[in-house]
Amino acid sequence: MLHVFARDGDRLRWAREAEGVTAPLPVEAVWLDLQNPTPEELARAEALMGVKLPTREQMAEIEESSRLRITPGAVHMTALVLVWADTDQPRIVPVSFVLAGGRLATIHTVDPQPFLAVRRRVTRNGGAEATAEAVLAALLDGVVERTAAVLRRVGLELDTMGSRSFRGRALPVKGERRDDTRTLKRIGHTGHLVGKAHVSLSTLNRMLTFLARGEGWTPAKRTRRWARAALQDVTGLGEYARFLSGKVSLLLDTTLGRINVEQNEIVKIVSILTVALFPPTLVASVYGMNFAHMPETGWTLGYPLAVMLMILSAALPMLYFKRRRWL
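Each residue of the sequence shown is one higher than the one before, starting from 806 at the first, in the numbering used here.
In structure tokens:
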């Protein structure tokens, strides 16, 4: 899919949304947004930009020199962007930004939500300043805001789970239902999401540092000023993501510790009951033997004495456990 946005005076407007069309792109185009582009769409975008655009294999490379590089007439930048954060399968996908000839090309396989929001805003109301660097700033601002919103939501969820984990008894009270498996899955999913957000912020940090320095190319002074401000936001979000990661570890350790305490309590109760019931079982077993000569079987008070002996043999260990504060 190829989305084309062109200059209309000093504003940005939607030019066309084309798929499988071979007509040349308008020369006034400022932003080319390619989502899973076909070879024909990629060729048309390269013809207008005047440079080769990165392939999927090049976008997937993790070397710093591959993600941030300057070629004759173009600047290539690749960042990992968090997508599907509201689902149970969050992902980080590579998104490439290419600045060349006063135009911006973005290439991605999954459509990030900030990109969709910017396209909708431009289509409905017209865009902001119609320059490639202004579009780049709007897209990255949207990515940073989206990541911040995800981290805020994760922080609130961790606070809720933490307040429940640190409150109350180890064993659930009557009528309380506790699903430890579900809790562990929620903690695991939250940690997974925070980890991906942290990776995304790390790549954005390097990309914004590259833009703020402007080494090897000459970005507008306004762009460098914006990049420095955005870099501070991303640095703060990275620190917050590390804090949330530590909070996830603490909550996981607390939950596993509580589960271990509950299991120990259950094992202790079962062990005490086993010890308490062993002497009565032994008495009953002795008098349940079918030997021909057992003098106690002929006693008139044999049965009540045997019952009393079983009760005492069960009560005495329980009193001992109580005195030792094992119960």
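Think of the CB as a built atom: it goes at the ideal place given N, C-alpha and C, for glycine as much as any other residue.
It should be emphasised that the depicted structure is a prediction, and the values quoted were computed from it without experimental measurement.
State buried or exposed for residue i, treating a residue as buried only when at least 16 other CB atoms are found within 10 Å of its CB.
i: residue 1113; result: exposed
i: residue 957; result: exposed
i: residue 1073; result: exposed
i: residue 812; result: buried
i: residue 1075; result: exposed
i: residue 976; result: Because residue 976 carries a pLDDT of 48, less than 50, the predicted location of this residue cannot be relied on, and the following value inherits that uncertainty. The residue is exposed, with fewer than 16 neighbouring Cβ atoms inside 10 Å.
i: residue 990; result: exposed
i: residue 1094; result: exposed
i: residue 1099; result: exposed
i: residue 919; result: buried
i: residue 1008; result: buried
i: residue 832; result: exposed
i: residue 954; result: exposed
i: residue 853; result: buried
i: residue 849; result: buried
i: residue 859; result: buried
i: residue 1129; result: exposed
i: residue 1060; result: buried
i: residue 925; result: exposed
i: residue 890; result: buried
i: residue 945; result: buried
i: residue 921; result: exposed
Residues in its own chain within less than 7 Å of residue i by CB, not counting five upstream and five downstream?
i: residue 995; result: 959, 962, 963, 1053
i: residue 1025; result: 938
i: residue 1142; result: Residue coverage of the chain in this structure runs from 806 to 1132, which leaves residue 1142 outside it and unanswerable.
i: residue 1056; result: 963, 966, 967, 970, 992
i: residue 855; result: 878, 905, 906
i: residue 928; result: 819
i: residue 863; result: 871
i: residue 1002; result: 887, 952, 955, 956, 1046
With DSSP as the reference, label residue i as helix, strand or coil.
i: residue 918; result: helix
i: residue 856; result: coil
i: residue 1112; result: helix
i: residue 817; result: strand
i: residue 1119; result: helix
i: residue 864; result: helix
i: residue 1002; result: helix
i: residue 876; result: strand
i: residue 882; result: strand
i: residue 832; result: coil
i: residue 1038; result: helix
i: residue 751; result: As displayed, the chain neither begins before 806 nor continues past 1132, which places residue 751 out of reach and without an answer.
i: residue 984; result: coil
Leaving out the 5 sequence neighbours to the left and right, which residues in its chain are closer than 6 Å to residue i when beta-carbon positions are compared?
i: residue 1092; result: 1111
i: residue 1065; result: none
i: residue 841; result: 914
i: residue 888; result: 896, 898, 915, 917
i: residue 1101; result: 1107
i: residue 1033; result: 1017
i: residue 880; result: 904, 1022
Please report the Cβ distance between residue i and residue j, rounded to the nearest whole angstrom; I am assuming they are in contact, meaning their Cβ atoms lie under 8 Å.
i: residue 923; j: residue 943; result: 6 Å
i: residue 917; j: residue 940; result: No, residue 917 and residue 940 are not in contact; Cβ-Cβ is about 14 Å, not under 8 Å.
i: residue 1011; j: residue 873; result: 7 Å
i: residue 839; j: residue 885; result: Actually they do not touch by this definition, with Cβ atoms about 18 Å apart.
i: residue 837; j: residue 809; result: 6 Å
i: residue 1016; j: residue 1030; result: About 10 Å separates the two Cβ atoms, so there is no contact after all.
i: residue 1013; j: residue 998; result: That pair is no contact at about 22 Å.
i: residue 816; j: residue 935; result: 6 Å
Excluding the 5 residues flanking residue i on each side, which residues of the same chain have their C-beta closer than 8 Å to its C-beta?
i: residue 1119; result: 1081, 1082, 1084, 1085
i: residue 1006; result: 952, 1039, 1042, 1043, 1046
i: residue 1050; result: 996, 999, 1000, 1003
i: residue 1088; result: 1111, 1114, 1115, 1118
Please determine whether the Cβ atom of residue i lies at a distance below 6 Å from any heavy atom of the ligand HEM.
i: residue 917; result: Summarising the ligand content, the structure contains no ligands, and the ligand HEM is consequently not present.
Taking 7 Å as the threshold (beta carbon to beta carbon), is residue i in contact with chain D?
i: residue 945; result: Absent from the structure is chain D; it holds one protein chain and no more.
Report the residue ranges of all alpha helix (DSSP H) runs contained in full by the segment 886–958; include only those spanning at least 4 residues, in chain order. 918–930, all fully within the segment 886–958.
Enumerated in chain order, which unbroken segments of the beta strand (DSSP E) with a length of 3 residues or greater are wholly contained in the segment 1053–1110? Fully enclosed beta strand (DSSP E) runs of 3 or longer: not present.
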